[in-house]
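Asks:
Numbering (the UniProt record's numbering), first residue to last: 1 to 571.
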């Protein structure tokens, strides 16, 4: 009926045009010809015209007369017939509006396919322009931050040099839009850090070697030289700059090749190679200064981003999602804050999500399974306007600290799946990663995807039992906050997830029985073992403590909590 009314209106408009605009001359009916009433319409019969008969001069049937007939036919319907039609239209519109406002999720058996309606809902963001091109920020001055005594320290200047060299070798840097690096302003640093701590870092540039060594010992797992403060401000400011350009529509997405990293840095203290929390500062500027209402921070570094979590556990504008190695609280930074029970504080409950692997060896199948069963459904329900990736590549295959098995193609697929969010406003910021080959190839694979290159193919894979258990634990603690977490996800359901990519993941179920850590779960048990793990997930056994001590020996980390006790003395 709606199509008929629209068609009738269109014909009526054509009939009301002046005669001079018509290609055919109008025939004026004579007075002897009967006129058609509005209530009764007689069918018009066309009589065949014989072209060989000169006396047969009957004019052709006029289009305008046909449109008049159709219009009068529609107009002749009583008003009571139109009311049900209008009510039906209003009802359909109300149903469509309600459907658009409903939270969306991916069903466990959907095998990771995302519906177009979900993408449309997540990209209907008002007031933000979408730019073009991929930004790249890099500055060699950040390489001046180095250890005075240990040339073999894993967080070395060669990390970003190797990445930038790989980007140039693969002709990716040439395709990017270069963004000038800059130091963070004092106001930007104070948005997440205390003023007293900012002054401590600023004073580093004026200290000699012995005071620097004394200051190093007051914090957890850091080293200092006279250029450390400058490099830290440059790392934070460069991240803010590229994020600002993406939000304002000057760039579509971007990558930040920066160091020192930031996600361990707390409000009052340095920690875990980090000074200023680069991603947290950029997210705070986005919501406070740039008008962004919802920011998703995905932290896939193998270590839990304790600093970022603490800075936003009271802020519902920022959804912090961390997937990391947990080992029941024994893996660095070695606290229960990285467990699935930590969902945020009452003003923002549900906006802090932790997926903690209890053991190493997690690969492409585990991470991509977690993406499609948990992260992406929650992300589409949250509908962010900006996506920031704390991109630590110490979960990559071959990293000396992470002990996991993600391939460069796996990282590329994870990045690619996030590009449908937030109108493509995605910024990838370097965090950890200490195998130069793995970090450079993985970062380049992610950059290529942001530039528009499709990721390489992957083979058939599915998450391991330990991974599916960790995913299920996180979903259980977030059932009350997210609609998509109400759907059950067992190991058999997760096995139905399939991706196309390199032979990552665990092909044979028997391989999952490997014990990858001394303090791990020690194999797969039944429900009784799972309940025991749930009761002890925030605690540390003797084996867990031994592994924690070994991990600290590798990273040079001080005992957990020491930095917080000593930091006030520095201030």
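A virtual CB, placed ideally from N, CA and C, is assigned to each residue, including glycine.
Please determine if the stretch 316-330 and the stretch 365-378 are in contact, where contact requires at least 3 C-beta pairs separated by less than 8 Å.
Replies: Yes, since at least three Cβ pairs between the stretch 316-330 and the stretch 365-378 fall closer than 8 Å, the two stretches touch.
Asks: Report the partner residues of residue 322 according to the DSSP bridge assignment.
Replies: Note: residue 322 sits in a beta bridge opposite 299, 354.
Asks: Grab the span of the alpha helix (DSSP H) containing residue 450 for me, first residue to last.
Replies: Taken as a continuous stretch (DSSP letters only), the alpha helix (DSSP H) holding residue 450 covers 436-450.
Asks: Give a yes or no on whether the C-beta atoms belonging to residue 224 and residue 234 are separated by under 8 Å.
Replies: In this structure, residue 234 does not lie closer than 8 Å to residue 224 by Cβ.
Asks: Within 10 angstroms of the Cβ of residue 347, are there 16 or more other Cβ atoms? Answer buried if so, exposed if not.
Replies: With fewer than 16 other Cβ atoms within 10 Å, it is exposed.
Asks: Around the C-beta of residue 132, are 16 or more other C-beta atoms found within 10 angstroms, so that it is buried, or is it exposed?
Replies: Per the 10 Å Cβ criterion, exposed.
Asks: I want to check one thing, is the minimum distance from the CB of residue 337 to the heavy atoms of the ligand PLP below 7 Å?
Replies: This structure simply doesn't include the ligand PLP, nor any ligand for that matter.
Asks: Given a cut-off of 8 Å on the beta-carbon distance, is the pair residue 311 and residue 192 in contact?
Replies: Yes, they are a contact pair.
Asks: Suppose contacts are defined by Cβ-Cβ distances below 8 Å. Is residue 282 in contact with residue 243 by that definition?
Replies: Cβ atoms of residue 282 and residue 243: closer than 8 Å.
Asks: Does the beta-carbon of residue 474 have 16 or more other beta-carbons within 10 angstroms, so that it is buried, or is it exposed?
Replies: The residue in question, residue 474, is buried, as its Cβ has 16 or more Cβ neighbours within 10 Å.
Asks: Note down, in chain order, each residue of its chain lying with its Cβ closer than 6 Å to the Cβ of residue 395, except the 5 sequence neighbours on either side.
Replies: These residues qualify, in order along the chain: 302, 402, 404, 406.
Asks: Taking the DSSP output, what are the residues bridged to residue 134?
Replies: 253, per the DSSP bridge assignment.
Asks: Suppose you measure from the CA of residue 430 to the CA of residue 483; what does that come to, to the nearest Å?
Replies: Each residue's alpha carbon lies about 32 Å from the other.
Asks: Which residue from 413, 382, 185 puts its Cα closest to that of residue 368?
Replies: Nearest of 413, 382, 185 to residue 368, Cα basis: 413.
Asks: What is the rounded straight-line gap between the Cα of residue 143 and the Cα of residue 220?
Replies: In a straight line, the C-alpha of residue 143 is about 21 Å away from that of residue 220.
Asks: State the start and end residues of the unbroken alpha helix (DSSP H) segment that holds residue 281.
Replies: Taken as a continuous stretch (DSSP letters only), the alpha helix (DSSP H) holding residue 281 covers 278-288.
Asks: What runs of the beta strand (DSSP E), each 3 residues or longer, lie entirely inside the stretch 364-441?
Replies: You should have 386-391, 426-430.
Asks: Measuring alpha carbon to alpha carbon, tell me which residue in 453, 464, 458, 471 is nearest residue 170.
Replies: When only C-alpha atoms are compared, the closest one is 453.
Asks: Just the Cα atoms here: how many angstroms apart are residue 274 and residue 263?
Replies: If I take the Cα positions, the gap works out to 7 Å.
Asks: For residue 227, which residues in the same chain have their Cβ closer than 6 Å to its Cβ, ignoring the five residues on either side in sequence?
Replies: Contacts found: 144, 145.
Asks: Write down the C-beta distance between residue 387 and residue 421 rounded to the nearest angstrom, noting that I regard them as a contact closer than 8 Å.
Replies: Their Cβ separation, rounded to whole angstroms, is 5 Å, which keeps residue 387 and residue 421 in contact under 8 Å.
Asks: Secondary structure at residue 341, three-state DSSP: helix, strand or coil?
Replies: Coil, per DSSP.
Asks: Using a Cβ-Cβ cutoff of less than 6 Å, which residues in the same chain neighbour residue 205 once the five nearest sequence positions on both sides are dropped?
Replies: Excluding residues within five positions, the ones whose Cβ falls inside 6 Å are 226, 229.
Asks: Is it true that the CB of residue 247 sits closer than 8 Å to the CB of residue 253?
Replies: No, these two residues do not count as a Cβ contact at 8 Å.
Asks: Start and end of the alpha helix (DSSP H) containing residue 246?
Replies: Where residue 246 is concerned, the enclosing alpha helix (DSSP H) stretches over 228-247.
Asks: Taking 8 Å as the threshold (C-beta atoms), are residue 295 and residue 285 in contact?
Replies: No.
Asks: Assign residue 473 to one of three DSSP states: helix, strand, or coil.
Replies: The answer is helix: DSSP assigns residue 473 an H, G or I state.
Asks: Taking the DSSP output, what are the residues bridged to residue 258?
Replies: Note: residue 258 sits in no beta bridge, so no partner.
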